[in-house]
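S.K.: If you scroll down you'll find the structure; I have some questions about it.
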C-alpha cells in the first residue's frame, strides 16, 4: 500500500493555486495546501466555507476553475476520480441500497475487473479490520447507522488507496456512536498510516483526530497548524472564536501606558498584560481585542497572585464535570469555567485573575494576532 | 423480593388507578359508530361511488342484452336473458368501412403501436432524465427548458408539420410513423418525471459510484435502475393509458387498415347506416377500455407508491 520509495514525510497531496467558482460565485480562491504523507488533516469550518468543495475537488468530483492538484507527486488535476488513488466516505454513507454489504464492498473492484480471488481477499481483510464479517450478507437497510458508516469506510478500505477522504462521516450519528467511531477512525489511521483528509464542522472531532487542522472561512484557509497551537495561539479573531466551547471571551479596548508599562484598558478598567507573549512591541494607543478562554480565568481560591479583579455572578450553568459561570465585569459578560463541585449563587461577588500567558491579543481592525 | 413494603406500594398504586377510573375520563375516548360525522362522511362517499359506477353498470347490463330487450328501453333493469352475442359481434364481426372483422383488427394494431412506443419512449426518457439529473453537461439547462416548453405546446399546432415530415420520410400512414410520433410526444413529460426522480436520489450515491470507477452506463444500469422500479411503473402506466386511449394521432397518422382500436370503436359506434346496435356498441367500448383498466388493477399499488415517492422527496 505504501510507496516503497517514500522518504519520510514527503508531501502526499499538494494543492496549488486552486480556484473554483460556480458562475459568479467564487467558492475557493488561490488556495494552497500541502498535506504530508501519512498525515491526518482536518478541514474545519462552518457550512458554506468551501471545505466540502475542496474535498470534492481533491476527489475529482468537481472540476477546479484554475490550479493544480497533485497526489503522490502526480498531477491528477484532469484525472477521473477512480484513477486518483483515493477512497471517500460520505456523510449519508451512500451505500448502494439494492446490494448486500459484500456487493457494496466489491462493486468498485468488480468495475475495475480485479480477479475474483483478489476481490474476496480484500473484502475479507476490510471486513476483518472493521469487524463487519457477520453483516456481509445483509442489505444496508438492515444495518444501524454505525454499521452503515463502517461499511462505507470498508468500501474505501478495499480500494487499497493512498489517500482517504472523509466528508463529515459522523454527522448523521448520535452522540454516543459518534465518539465511538471517532476513536475507531483514529485507531484505523494509526494502524494503516494512510494520508487522511477529514472534513467536519465539529471542533471536538477536529481537535481529537487531527495531526493538523486547517480552519477555513469563505474559501480561504485561516490557519493551518497543530491542534494545540490552534487552540492556544489562534492566528486571528475568527479562529479564536471558532475553536473552543464556550467561546473565548473577547474584550474590546485599547492599549494605554501607565508608569512605563503597557496595559489593556476597556470601560475604564485596566488589565495588566504581564506574561503575554507578543509577536511585536505593544504600542500605547492601539485599538485591540483581548481574548481569554473561560478556563484561563481563575476564580477565588484558584488565584495564585497577580492582578485581581472583582465581578458578579450573573448566571450559573452546572455541566457535571465543570461549572460554567457567566460573570459581569467591566461592562462585559464573560464566561469562566471552574470545577463542577464549586457552586455559586447568582449575585455573588467573586475575585478574578486573568492568565495572560494563555491570552490572545488581536488588532481591532485587522483582527490578526499581535 | 415481595416484602411488605413493595406489596404495600403495589396495592397503593392499584388503588390510585381504580380511584382515577371512578373519578373521571381515562385512556382512549369512546366513539359512537352512528354519529353525524360518520353519516355525512359515508353518505357522501356512497353517493359519489354510485355516481361513477352507474354508467359502467348500464354499459355492462346493456351489452349482455339482445336487441329486442334493449328496445324495451329499461336501461337500468338487469338482462332477462344473458347473451354474449354482442361481445362476439363487437370483437369479430362488426363492420367499419370495408372491413367486417370487428375490433380484433384494431386491437392488434393498437398492441403493435403500444408496445414499441412504450418501450422506446421510456428507455430514451429515463436515460435523458438520468443524464440531466446527474451529469451536468454544457447546455443542459437550455435543453431542459426547451423540453419543458415542448410539454405546453398544443398538439394541434404540430400535426400538419408532422404529416409533412412523415410523408417526406416515406412512413406516413404506417405504424412505424405513429410509433415515432408517440415516442416523441411522450418525451417532455417522461423526461421531466425521470429527471425529478433521479434528482431526488441522494447525489452522494452517484459520487460514490464514480469514485468506485463506474461510468455513465454502469451507474445507470447497476445503481440507478435497481432503485427506480416505482417511477418506471408510473411512466409505464402513463404511457400505456395515454397511447392506448389516443384518438387524434391514430386517426391522423394511419390508414383504415392500420387504425388503432379507438378509431375503429368510433367508426363502429358512429356508423350511420342500419340499426343502432346499442348492445354491440357497449361491448365494443368495454373491450376497448379493458387494457388500461387491467394495467391499473395490476400495478395500481406501485403507481401510488411511485407518485408518493416522487412527491415526498421531490
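Chains as they are written, first to last, in our numbering: chain L, 1 to 370; chain U, 1001 to 1314.
Just so it is clear, CB atoms sit at the ideal spot from N, CA and C, and this is done for glycine as well.
1. Would you please verify whether the beta carbon of residue 1295 (chain U) is less than 7 Å from any beta carbon of chain L?
2. Would you identify the three-state DSSP class for residue 3 (chain L), choosing helix, strand or coil?
3. Is it buried or exposed, residue 109 (chain L), if we count other Cβ atoms within 10 angstroms and call 16 or more buried?
4. Along the chain, where does the beta strand (DSSP E) containing residue 318 (chain L) start, and where does it finish?
5. If the criterion is Cβ atoms closer than 7 Å, does the pair residue 40 (chain L) and residue 210 (chain L) meet it?
6. How many angstroms separate the CA atom of residue 289 (chain L) from the CA atom of residue 251 (chain L)?
7. Could you compute how far the alpha carbon of residue 104 (chain L) sits from the alpha carbon of residue 91 (chain L)?
8. Can you pull the chain U residues whose beta carbon is under 8 Å from the beta carbon of residue 90 (chain L), in chain order?
9. What are the start and end residues of the alpha helix (DSSP H) that includes residue 1042 (chain U)?
10. So is residue 1057 (chain U) buried or exposed if we call it buried at 16+ other beta carbons inside 10 Å?
11. Roughly how many angstroms separate the alpha carbons of residue 350 (chain L) and residue 235 (chain L), rounded to a whole number?
12. Looking only at its chain, what residues have a beta carbon closer than 6 Å to the beta carbon of residue 315 (chain L), apart from the 5 residues adjacent to it on each side?
13. Counting only Cβ pairs nearer than 7 Å, list the residues of chain L close to residue 1223 (chain U).
14. Can you tell me where the alpha helix (DSSP H) with residue 35 (chain L) in it begins and where it stops?
15. Let me see if you follow: with CB-CB separation under 7 Å, is residue 1311 (chain U) close to chain L or not?
16. The alpha helix (DSSP H) with residue 1087 (chain U) in it runs from where to where?
17. Could you tell me whether the Cβ atoms of residue 1110 (chain U) and residue 1179 (chain U) are closer together than 7 Å?
18. Should residue 7 (chain L) be flagged as near chain U, meaning a C-beta pair shorter than 7 Å?
19. Helix, strand or coil for residue 200 (chain L), going by three-state DSSP, please let me know.
20. Just how far apart, CA to CA, sit residue 19 (chain L) and residue 29 (chain L)?
21. Using 8 Å as the Cβ pair cut-off and three pairs as the minimum, do the segment 352-363 of chain L and the segment 290-304 of chain L touch?
22. Do residue 1239 (chain U) and residue 960 (chain U) come within 7 Å of each other at the CB atom, strictly closer than that value?
23. Residue 1122 (chain U) CB to nearest chain L CB: under 7 Å?
24. Consult DSSP for residue 59 (chain L) and reduce its assignment to one of helix, strand or coil.
25. Give the interface partners of residue 1048 (chain U) over in chain L, defined as CB-CB distance under 8 Å, in chain order.
26. Measure the Cβ-Cβ separation of residue 86 (chain L) and residue 126 (chain L) and say whether it is below 7 Å.
27. Where do the ends of the beta strand (DSSP E) carrying residue 15 (chain L) lie?
28. Could you give the distance in angstroms between the alpha-carbon of residue 1219 (chain U) and the alpha-carbon of residue 1079 (chain U)?
29. Report the option in U:1204, U:1119, U:1125 and U:1075 whose CA atom is closest to the CA atom of residue 1061 (chain U).
30. For residue 208 (chain L), which three-state DSSP category applies?
31. Give me the Cβ distance between residue 367 (chain L) and residue 265 (chain L), rounded to the nearest whole Å; I'm assuming they're in contact under 8 Å.
32. Would you grab the beta carbon distance between residue 284 (chain L) and residue 255 (chain L) for me? Rounded to a whole angstrom, and I think it's under 8 Å.
33. Please work out which residues of its chain come closer than 7 Å, Cβ to Cβ, to residue 359 (chain L), disregarding the five sequence neighbours upstream and downstream, and give them in chain order.
34. Assess, as a yes-or-no matter, whether the segment 1089-1099 of chain U is touched by the segment 1276-1283 of chain U under the definition of 3 or more beta carbon pairs within less than 8 Å.
35. Short of 8 Å in beta carbon distance, which residues of its chain neighbour residue 332 (chain L), apart from the five on each side in sequence? Order them along the chain.
36. Can you check which of these residues, U:1245, U:1192 and U:1127, is closest to residue 1144 (chain U) by C-alpha distance?
M.R.: In short:
1. For residue 1295 (chain U), the answer is no, since every Cβ of chain L falls outside 7 Å of its Cβ.
2. Here the model assigns residue 3 (chain L) a pLDDT of 39, short of 50, so the residue's position is not dependable, and the following value carries that caveat. Collapsing the DSSP output to three states places residue 3 (chain L) in coil.
3. Looking at its Cβ environment, which holds 16 or more other Cβ atoms inside 10 Å, residue 109 (chain L) is buried.
4. Residue 318 (chain L) -> beta strand (DSSP E) spans 309-318.
5. Yes, the pair counts as a contact, with Cβ atoms nearer than the cut-off.
6. Whole-angstrom Cα-Cα distance: 6 Å.
7. Near 16 Å, if we compare the C-alpha coordinates of residue 91 (chain L) and residue 104 (chain L).
8. Neighbours of residue 90 (chain L) on chain U, chain order: 1204, 1207 and 1208.
9. That run of the alpha helix (DSSP H) goes 1036-1063.
10. Counting Cβ neighbours within 10 Å, residue 1057 (chain U) comes out exposed, since fewer than 16 surround it.
11. About 31 Å.
12. Here the set comprises 326.
13. Chain-ordered, the chain L residues with CB closer than 7 Å to the CB of residue 1223 (chain U) read 96.
14. Not the alpha helix (DSSP H): residue 35 (chain L) falls in the beta strand (DSSP E), residues 25-36.
15. Here the model assigns residue 1311 (chain U) a pLDDT of 42, short of 50, so the residue's position is not dependable, and the following value carries that caveat. Answer no: the Cβ-Cβ gap between residue 1311 (chain U) and chain L never drops below 7 Å.
16. Looking at the DSSP string, the run of the alpha helix (DSSP H) that includes residue 1087 (chain U) is 1085-1092.
17. At the C-beta level, residue 1110 (chain U) and residue 1179 (chain U) stay beyond 7 Å of one another.
18. Reliability fails at residue 7 (chain L), whose pLDDT of 40 lies under 50, so the model's placement of it is uncertain and no value is given.
19. Strand.
20. Going from the Cα of residue 19 (chain L) to the Cα of residue 29 (chain L) covers about 4 Å.
21. Segments in contact, yes.
22. This structure leaves residue 960 (chain U) out entirely; chain U is present only between 1001 and 1314.
23. Chain L, which has no Cβ nearer than 7 Å to the Cβ of residue 1122 (chain U), makes this no.
24. Residue state, collapsed to three classes: helix.
25. Neighbours of residue 1048 (chain U) across chain L, judged by C-beta separation under 8 Å, do not exist; the nearest C-beta is about 39 Å away.
26. For residue 86 (chain L) and residue 126 (chain L), no; Cβs fall outside 7 Å.
27. Where residue 15 (chain L) is concerned, the enclosing beta strand (DSSP E) stretches over 11-22.
28. Cα to Cα, the separation comes out at about 58 Å.
29. Considering only alpha carbons, the answer is U:1075.
30. The answer is helix: DSSP assigns residue 208 (chain L) an H, G or I state.
31. That belief does not hold up - the Cβ atoms of residue 367 (chain L) and residue 265 (chain L) are roughly 19 Å apart, past 8 Å.
32. Rounded, the Cβ-Cβ distance is 5 Å, consistent with contact.
33. The beta carbon of residue 359 (chain L) sits closer than 7 Å to those of 276, 290, 291, 292 and 296, all from its chain and outside the five residues before and after it, given in chain order.
34. As far as the Cβ criterion goes, the segment 1276-1283 of chain U touches the segment 1089-1099 of chain U, which means the pair count is three or higher.
35. Cβ neighbours of residue 332 (chain L) within its own chain (closer than 8 Å, five residues either side excluded): 249, 251, 266 and 267.
36. It is U:1192 whose Cα lies nearest to the Cα of residue 1144 (chain U).
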